[in-house]
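Heads up: the sequence shown is residues 119 to 440, going by my numbering.
Before any comments, here is the structure.
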Amino acid sequence: MGKILVIAEQRDGKLKKSTFELLGLATQSGNETSAVLLGDGVSGLTKELEQYGATSIYLIQDASLKFYSAESYTLGVLEAIKQASPDIVLASHSPTGRDFMPKIAACLGVGLASDCTQAQISGVNLKVRRPVYAGKATVEVEFLGQGPRLATIRPNAIGAPKPISAQTAKVIPISIQFTGLKTKVIEIVKGNSARPDVAEAPAVVSGGRSLKSAENFKIIEELADVLGAAVGASRAAVDAGYRAHRDQVGQTGKVVSPVLYIACGISGAIQHLAGMRTSKCIVAINTDPEAPIFQVADYGVIGDLFAVVPLLKEELKKIKEH
Ligand SMILES: Cc1cc2nc3c(=O)[nH]c(=O)nc-3n(C[C@H](O)[C@H](O)[C@H](O)COP(=O)(O)OP(=O)(O)OC[C@H]3O[C@@H](n4cnc5c(N)ncnc54)[C@H](O)[C@@H]3O)c2cc1C
């Protein structure tokens, strides 16, 4: 039996759903599954990691971990890897995972497969599939040589398991001297959006340049509210100042894999598709029947979004009410 270490991700004292997805992947492989949890005052989260199948939890708590930084996380994760000696290390392909995992790989001198949309674990072997050329193709990757196999998995790409109740994990506190750090995060100024993040939400409603103004995005927001979805945007909409860059989906924005992606007035340029084509169900609303977005859409509506989106919202509202 091999050993898998999952790097748990928490923000504001709440574990991310992607952590449960990784724990599900690890436990289903039949390998021994441990997790490393980093933060300041986060010991209360170990119970949840236990419920999702971690049998050992490496707990690293320190004031230096109050806010994420690649430097402090790397120190912590490297120590957990030293103690757990895993065959496979899994992290989410979140903004933090994609930031610190290459550093871990470089420090250990091992390979990293990033942004994986499928993973197959057989014993200590890990085979993954990841998109290349802006999502035009995918490649299958397996690891060669010694040392742990590292991978970051795209959030929502694999399903989250149900928690298991009868399970007890060993909590192993690790104490590290976080001295000599070259940088320190003093404060995080949050954006004023109360909506879920596009990269993590189970449903995303996105708008493009055709919305014509920031105010018009209100109809996208209203549809998103009915669905409990995040609001996304094309780069053209972001460049025009209709939405903040954090909402941008695509090659130079965020990569999303929700259960439902509704593209409203988005042409479907290759750079946009790179960020959303792995969505489970794609709905496109566009006046142009030749728009490339229809080539990846599961459902297409040829029509004016200013008419279709409010109608869709009303119909979904009715379904919800009944
Ligand atoms: C290096 C690089 C990186 C890039 N990265 C990204 C990225 O991360 N994300 C991204 O999105 N783009 C990115 N782009 C830009 C990309 O190439 C496109 O220009 C952009 O995606 C177009 O946005 P859009 O679909 O909103 O606008 P447009 O291409 O102008 O399309 C608007 C669409 O709306 C339809 N439409 C118009 N009016 C209506 C209406 N009333 N109702 C319904 N449909 C209507 C039109 O038929 C058209 O299909 C990148 C480009 C480069 C060169």
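Think of the CB as a built atom: it goes at the ideal place given N, C-alpha and C, for glycine as much as any other residue.
From a predicted model like this one, the values you see are computed outputs, not experimental measurements.
The three-state secondary structure of Ser240, taken from DSSP, is strand. DSSP assignment within the stretch 166-218 yields the following whole beta strand (DSSP E) runs of 3 residues or more, N-terminal first: 174-179 and 206-210.
For ligand 1, the residues with a Cβ under 5 Å from any of its heavy atoms are, in chain order, Gly326, Arg327, Ser328, Ser352, Arg353, Ala354, Gly368, Gln369, Thr370, Gly371, Gly383, Ile384, Ser385, Ala387, Gln389, His390, Asn404, Thr405, Asp406, Ala409, Asp422 and Leu423.
For the pair Arg313 and Ala362, the Cα-to-Cα distance works out to about 13 Å. Shown here for Arg364: same chain residues with a beta carbon closer than 7 Å to its own, the five before and five after excluded, namely Gly309 in chain order. For Leu423 against Ile294, the beta-carbon gap comes to about 52 Å, at or over 8 Å, which does not count as contact.
Two segments are said to touch when three or more pairs of C-beta atoms, one from each, lie closer than 8 Å; by this definition the stretch 206-225 does not touch the stretch 280-300. Gly171 and Leu141 have their C-alpha atoms roughly 6 Å apart.
Straight-line spacing of the CA atoms in Ala425 and Tyr360 works out to 20 Å.
CA-CA distance, Gly162 to Val154, rounds to 14 Å. Here the stretch 374-394 lies against the stretch 343-353, with 3 or more beta-carbon pairs under 8 Å apart. Classified as buried, Val322 has 16 or more neighbouring CB atoms from the shown chains inside 10 Å of its CB. Secondary structure at Gln366: strand, using DSSP grouped into helix, strand and coil.
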